[in-house]
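Chemist:
6 protein chains.
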Amino acid sequence: MTSSTKTLYKSYIIEEYHPTQEPFYLPVGDEIELFEAAYGQRIPVLFKGPTGCGKTRFVEYMSWRLGKPLTKVKPKKGKSDDGDGSQNGRELPLVTIACHEDLTASDLVGRYLLEGDSTVWIDGPLTRAVKAGGICYLDEIVEARKDTTVLIHPLTDHRRLLPVEKRGELIEAADGFLLVLSYNPGYQSALKDLKHSTRQRFVAIEFNPPPRDIEAKIVEHESGVDAPMALQLAKLGEKVRNLREHGLGEGASTRLLIYAGKMIQAGIKPRRACQVAVNWAVTDDASVQRSIEEVINSIFE
Amino acid sequence: MTSSTKTLYKSYIIEEYHPTQEPFYLPVGDEIELFEAAYGQRIPVLFKGPTGCGKTRFVEYMSWRLGKPLTKVKPKKGKSDDGDGSQNGRELPLVTIACHEDLTASDLVGRYLLEGDSTVWIDGPLTRAVKAGGICYLDEIVEARKDTTVLIHPLTDHRRLLPVEKRGELIEAADGFLLVLSYNPGYQSALKDLKHSTRQRFVAIEFNPPPRDIEAKIVEHESGVDAPMALQLAKLGEKVRNLREHGLGEGASTRLLIYAGKMIQAGIKPRRACQVAVNWAVTDDASVQRSIEEVINSIFE
Amino acid sequence: MTSSTKTLYKSYIIEEYHPTQEPFYLPVGDEIELFEAAYGQRIPVLFKGPTGCGKTRFVEYMSWRLGKPLTKVKPKKGKSDDGDGSQNGRELPLVTIACHEDLTASDLVGRYLLEGDSTVWIDGPLTRAVKAGGICYLDEIVEARKDTTVLIHPLTDHRRLLPVEKRGELIEAADGFLLVLSYNPGYQSALKDLKHSTRQRFVAIEFNPPPRDIEAKIVEHESGVDAPMALQLAKLGEKVRNLREHGLGEGASTRLLIYAGKMIQAGIKPRRACQVAVNWAVTDDASVQRSIEEVINSIFE
Amino acid sequence: MTSSTKTLYKSYIIEEYHPTQEPFYLPVGDEIELFEAAYGQRIPVLFKGPTGCGKTRFVEYMSWRLGKPLTKVKPKKGKSDDGDGSQNGRELPLVTIACHEDLTASDLVGRYLLEGDSTVWIDGPLTRAVKAGGICYLDEIVEARKDTTVLIHPLTDHRRLLPVEKRGELIEAADGFLLVLSYNPGYQSALKDLKHSTRQRFVAIEFNPPPRDIEAKIVEHESGVDAPMALQLAKLGEKVRNLREHGLGEGASTRLLIYAGKMIQAGIKPRRACQVAVNWAVTDDASVQRSIEEVINSIFE
Amino acid sequence: MTSSTKTLYKSYIIEEYHPTQEPFYLPVGDEIELFEAAYGQRIPVLFKGPTGCGKTRFVEYMSWRLGKPLTKVKPKKGKSDDGDGSQNGRELPLVTIACHEDLTASDLVGRYLLEGDSTVWIDGPLTRAVKAGGICYLDEIVEARKDTTVLIHPLTDHRRLLPVEKRGELIEAADGFLLVLSYNPGYQSALKDLKHSTRQRFVAIEFNPPPRDIEAKIVEHESGVDAPMALQLAKLGEKVRNLREHGLGEGASTRLLIYAGKMIQAGIKPRRACQVAVNWAVTDDASVQRSIEEVINSIFE
Amino acid sequence: MTSSTKTLYKSYIIEEYHPTQEPFYLPVGDEIELFEAAYGQRIPVLFKGPTGCGKTRFVEYMSWRLGKPLTKVKPKKGKSDDGDGSQNGRELPLVTIACHEDLTASDLVGRYLLEGDSTVWIDGPLTRAVKAGGICYLDEIVEARKDTTVLIHPLTDHRRLLPVEKRGELIEAADGFLLVLSYNPGYQSALKDLKHSTRQRFVAIEFNPPPRDIEAKIVEHESGVDAPMALQLAKLGEKVRNLREHGLGEGASTRLLIYAGKMIQAGIKPRRACQVAVNWAVTDDASVQRSIEEVINSIFE
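Chains as they are written, first to last, in this note's numbering: chain A, 812 to 1112; chain B, 812 to 1112; chain C, 812 to 1112; chain D, 812 to 1112; chain E, 812 to 1112; chain F, 812 to 1112.
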């Protein structure tokens, strides 16, 4: 059924994916040094911070930086499964897993699948990262079920072991493997707490929204607007974050400021662009919307 | 068993479906320009607004407008699976998914199915849209389980990736792909909130019921009643919406006004038609029903 | 194992079932005209009303009336699957589905089943009605899970489409298809509310218990008692309904009055027949039972 | 593995089971006449009453009485499946189903099972009763899930139909079929209420513990004690039931009195027999136990 | 994978297991006579009592005593399935099932399993006991799900029937079969109550911790300490039980006293042995631990 | 797909895993003697204590000490399944299972899996330990579901039996087998209590964080910092634990102090290393973070 569409998209083998070009990343503090020290000692790392402040971009950047890739994986087209993508061992794979409350241990470790007459074991993404020696990034770990959280314990102490119980195996992680978690303490509730038996297995790096000048550079680079417009958007982001005491759940992320810049680039007037990309995106509350609108109007007069 | 009925209905391949005739759509504001700007920049879009105010019709209209289809997919009859429906790449497929709390990630991404002796992978509707490069419209996204919501995250940042973990694949979306969500902030509750980590990945367009004159034109066009009757029905819609402070959960949608018009066309008296198509359809509360009845009687004397 | 019992029962193919004789139905108001108008315009219909006041009988009657069947489907005996039941297209199939909280989307749409070496797709009852162009009657819709409710949305707007996601198909309903829902607003609670996004897709017809003289005629016809006895039973029904303010959850339905009549026909004394068929059937509360007993004794002195 | 034990037990085909000897049953009122009238008119019957007051025994008795069996089904030994048990159609099968909250619709209706290379449909006990034309006795119906309760609706109106959706079939019940439910209003709670849409499909017969002289005759017949001892045990039962206002959830059933009689027949002293068979069996509450002990001591001095 | 370890352990067929040597059991009252009387009349038995007071040991003893085994089942080594364990019918098998909230009816009755190309029915432990005519001991019955509890109802009245619905069979229990339940009324809560419809099917024997002199003999026999030390340990048990009013959930069981004795035999000082085997094992509450420590110190000065 | 990565990692058969080098363990009290006494008498052992105080390391140490391994299991490379790892019976396997709320009985005992045309039974990790005669360490037992907890009961009394109900087998544990549980009483809640029927089957050893001088030696050995720095880190650990009354859920574990040491070894300044490895890792609360920061600053001036 999908034969006529197979050339429109690219596909990768999960454990061979890694950034092939340097991701655009502007450091805010010593996070690069901290991550390099932890990686050198193979200490698992926990990223803490709000939505959209660059955690995902940072782990991509570190994967590129630590991997110093020499060759480029050529994308696998359509459905052909001949895995001749050459991985020369010098690149650092990055396996990203978005956690959610229905993610099972089998989703991470693997499962048996019927293929024709025989049953075939398919490694899950965590097992793939453990075997390939890459970074495994578990995004929003507090969303995961307890079995997922517990599963990573033996991988985060001196043993670096992954039990694959359905196969009666213990896998010792390849040398390059490191586990990285992210979570947003702002969401933290009694039910969704990261247990001490889990969190005391990581060094923690706290992330915050970038300062105005750095954020402006990011917006300029990513959206294509000029520097003064980017600065105004960064100013907007800063001011909206200050509204958090006034009933706003979470401030506007850098991503939304970039969206506003892109809408402006596409010809939408700045005030309208900020309304749809920032104001309406951030809240449904009419009175908070009025406050943000005033901020927008004060910047884009 | 179904052999004798096979010629009564039409069937389409999901990712080849798209409107083949211009859907009737009357714009209320700059929503067409906003959507075109977002689509041009491939920024995901969130529609916010109440039931039945035209969100589904609008996405169909934009799919038709952006796709400018030159040829018409010929419907696949009965159960024959020879997929010779020619898709020339210039049309923009529209894949609509009604979200609900039991929708699983597998429902969206795909699953293995036994076919005879062998196991066959069947792409889910999201994967089909990603591969075919169409618009994927997730209707009522807050109804979805968290795993569904999280699944779309990597599709909505710069990576545009869909992980298909059961196959160990990452799929990079075809160029035409865009994710569009809808949700109704009126239903928003603590349990069914759209998380910030999700909503800050979209520009948002707010929808409201159309003003009286536009709604009258829609009712006239869709139900076949004449212009004065359509205007009276639009007036009824407007007045019923004003009753919302008096215990009415949600006002009458344009769709119900069209139903009333169609019942009138079928010979039912206006007052009775409005009673069954608007009043009884909108509420079960006897006192609210009396209020609406008064409104009906004041319009259709 | 069932070989010795196979001639004792009849079996039908679901989508070929329709009333073959005129069901006994006495109209109370203009419900026949309303339904015919809605069916002519293919507007989905919602029946509202309490238990046992004739909703199921009415949809059967309308199916017979609109179908004007010329020939009779011959029942399929035992397990033989040769589906030569001739359906000439002029009859209107009636597919009834009793909703409950465990009814899944697959139960309605269909599923793959292993048959011997190969997997066979079996259409669910909704798909059967969509393909055969019949009336699909979803009884007690508020009992259904949300995935069921959402599934019917695209079938109830201008598209008349049923997505069969496991097969990657969209089915456009055959011309005769109409969706009819029933629900009992008396049961309506916060948890079991019919959502506005669902209810604003239907015209609504409200049902109430029939007035005394009509109910007496029904009881007389269905139970075989004579007219005076039937009138007394109808009077009993009316009076018991008036007890609803005194702790009785729901009044006695017409069906229970018919049961009382049948018990009387079988030789049980009227007072005793009303006790087991009405009083004990309607409530377990001793004080309410005493009130009803007084009513029974006052009528059947 | 079970080869050495195969001759120790008997096994029956479910829908061929029926009492082959007259069950011992002493009527308390006109329950036999009421049941015969209802069965003659094929009106479904609801038994209401507390634990252990003879509802199960009564339905067995009525199955025997209405069936007037002429021949005896010979038990099927071990695992041999050759179903040559001759059922001549004059006996009335009795299919008993103990309801519980995990009983699914498939448990009642049937399911597909793999057998070797092919899939075989296995009728559930309800389908077996429907096809064989027997009494289907659903014990403790309020324990059942909603899908089970709803399933029986079309079997209890004029249609007498059982939808077997997985096979796309509607089965019309064989002539002898009747549905009988039991439930204990004492357990009735908001969550476990029998819905009106279900209960108004049955005539109801209320059961109470038998009066002292009848209960004494039952105890004498079933346990083998002499008449004076049986009367003392019946007196005990009566007095313990009167303690219900003093914290006792439910009084001692006739069954427990029979147990006490049997323990006495086996040589245990009456006081001790009543302690283990009645007092300890009925309650764990020390103060209630003391009250019952006083009653026992006052009777068996 | 397990080839190198196969000679290290023994394995038995479940329904052939029974104690082959007389279990050490010291009766406290007339429990042996009561059980023999109930077994002789095939009245099901309910054991009530706290943790570790000998219920499991008692049912093993009764199984040995009633079975008077003449020969010894020779253990089946490794995985060989040739069931030549001779069971001469005079022994009384004992099938023990530890109940828990996830135990399903299928776990007890049996299920179909694929074996190679064909499907094989595997009897569950309850079916095995029913067929083999053994004692089936359901430990901690209140932990079981309702479907499990209901399943045993027809086995506990005069019918002694087990419905095996997946096979369409009713099994009549072999003559030796008896159902024995245990439960701990101390755990009894609203949610985990033994329903009257279940408990009124059993005679009940209440168990309590043994008196000091009997407990001392048990500790002496099982742990190997001398009589004076055993008496001191029994004294400790008695005193700790008296602390129950002071915040201790449940007193120390005889088993823990035996553990203390064994630790002493292994060279640990009595005070320390009692600390790890009794005090720390029984509670985590620091203040309760201090109270128990005082008791220990007062006995082992 | 994984062919190019197969040489990067090691894998072991679960029941052959055991520490091959003496794990670094510094005893705090008589825990080694207690464990040896319990193991000699085959009394199951319960470890109680907070996160990261060395329970896992201790069981590894005891497994090494009691096993006195003479030869080294050679790791199995990649996926080759020829199990020639020579286990001479003198080593003591250690099977560790991290418990969680989704761990099923089948996960522990084993399950049938399809392999090609036939079904193969795969022993779970508990069965493997029972058969191989190793230590089975169930970490965080209170997280497990009730079926898991109940499953271990017959393994912890005199019978040492594991019922494998899906195979109709009872397995008697090999001589070397011992069950060891761990749990953290600090997490203990009403819902996650270790039931008395479970806990009274174990002797209990309580663990606490090591005293400052021992902890300093551990930090020195594991992280590579010099003795004075290790002592400062141990001092930090001690002081942070004293903050527990000030809103800190749980103090810093030894593991986090080792992480801080390793970060220092990798060139990060001590204050910053302690911030990321101790302060941010331990809490998200800003005021608690300030308190810990003061402690850090007072130590590393």
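Yeah, the Cβ is synthetic: ideal placement off N, Cα and C, and Gly gets one too.
#1: For a contact meaning CB atoms closer than 7 Å, what does Ala1015(B) contact in chain A?
#2: Measure the beta-carbon distance from Ser993(E) to Lys866(E) and round it to whole angstroms, keeping in mind my assumption that it falls under 8 Å.
#3: If you measure between the beta carbons of Val1089(A) and Ala1071(A), is that distance less than 8 Å?
#4: Starting from Pro974(A), follow its DSSP beta bridges and name the residues at the other end.
#5: Can you check which of these residues, Thr831(A), Pro936(A), Gly878(A) and Gln1011(A), is closest to Ile825(A) by C-alpha distance?
#6: From Leu1068(C) to Leu1005(D), what does the alpha carbon distance come to, in whole angstroms?
#7: Apart from the five residues just before and just after Gln1043(F), which ones in its own chain have a Cβ nearer than 6 Å to its Cβ?
#8: Examine chain E for any beta-carbon lying closer than 8 Å to the beta-carbon of His829(D), and answer yes or no.
#9: Looking only at C-alpha atoms, which of Asn1053(B), Glu871(B) and Glu1031(B) sits nearest to Pro830(B)?
#10: Helix, strand or coil: which one does DSSP assign to Thr907(F)?
#11: Check the Cβ-Cβ distances between Tyr820(E) and every residue of chain F, and say whether any is below 8 Å.
#12: Is the CB of Glu983(B) under 8 Å away from at least one CB in chain A?
#13: Going straight from the alpha carbon of Ala984(E) to that of Tyr948(E), what length do you get?
#14: According to DSSP, what are the bridge partners of Val1093(D)?
#15: In whole angstroms, what is the alpha-carbon distance linking Leu914(C) and Lys957(C)?
#16: Using a Cβ distance threshold of 8 Å, determine whether the stretch 840-857 of chain D contacts the stretch 1003-1023 of chain D, with at least three qualifying pairs required.
#17: Here's the rule I'm using: 16 or more other beta-carbon atoms within 10 Å means buried, otherwise exposed. How should Gln1086(A) be labelled?
#18: Would Glu1049(E) and Thr862(E) be called neighbours here (beta carbons separated by less than 8 Å)?
#19: When the Cα of Asp934(E) is compared with those of Lys1028(F), Arg978(F) and Leu845(F), which residue comes out closest?
#20: Could you pull the DSSP bridge partners for Ala1015(B) from this structure?
#21: With a threshold of 16 other CB atoms inside 10 Å of the CB of Val953(F), please say whether the residue is buried or exposed.
#22: Could you give the DSSP three-state label for Cys947(B): helix, strand or coil?
#23: Distance cutoff 8 Å, beta carbons only. Does Met1074(A) sit that close to anything in chain B?
#24: For a contact defined as C-beta to C-beta under 8 Å, what are the partners of Thr907(D) on chain E?
#25: What's the gap between the Cα of Glu951(C) and the Cα of Asn995(D)?
#26: With distances taken from CA atoms, which of Arg970(F), Val975(F) and Thr1094(F) is nearest Thr959(F)?
#27: Cβ of Arg1066(A) within 8 Å of Cβ of Lys1046(A)?
#28: By DSSP, does Ser822(C) sit in helix, in strand, or in coil?
#29: Which word fits Lys885(A), buried or exposed, when buried means at least 16 other C-beta atoms lie within 10 angstroms of its C-beta?
#30: Establish whether the CB of Tyr823(B) and some CB of chain A are separated by less than 8 Å.
#31: Which class does Arg806(A) belong to by DSSP, given the choice of helix, strand or coil?
#32: Counting only C-beta atoms, is Ile854(A) closer than 8 Å to chain F at any point?
Modeler: This is what the structure gives:
#1: Val1087, Trp1091 and Ala1092
#2: 5 Å
#3: yes
#4: Leu981(A)
#5: Pro936(A)
#6: 19 Å
#7: Ile1110
#8: no
#9: Glu871(B)
#10: strand
#11: yes
#12: yes
#13: 15 Å
#14: The partner list for Val1093(D) (beta bridge, DSSP) is empty, contrary to what the question assumes.
#15: 10 Å
#16: yes
#17: buried
#18: no
#19: Arg978(F)
#20: Leu857(B)
#21: buried
#22: strand
#23: yes
#24: Pro965 and Pro974
#25: 25 Å
#26: Val975(F)
#27: no
#28: strand
#29: Note that Lys885(A) scores a pLDDT of 46, beneath 50, so its modelled location is shaky; the value from the coordinates is reported in the next line. Exposed: under 16 other Cβ atoms inside 10 Å.
#30: no
#31: The question about residue 806(A) has no answer here: the residues shown for chain A are numbered 812 through 1112.
#32: yes
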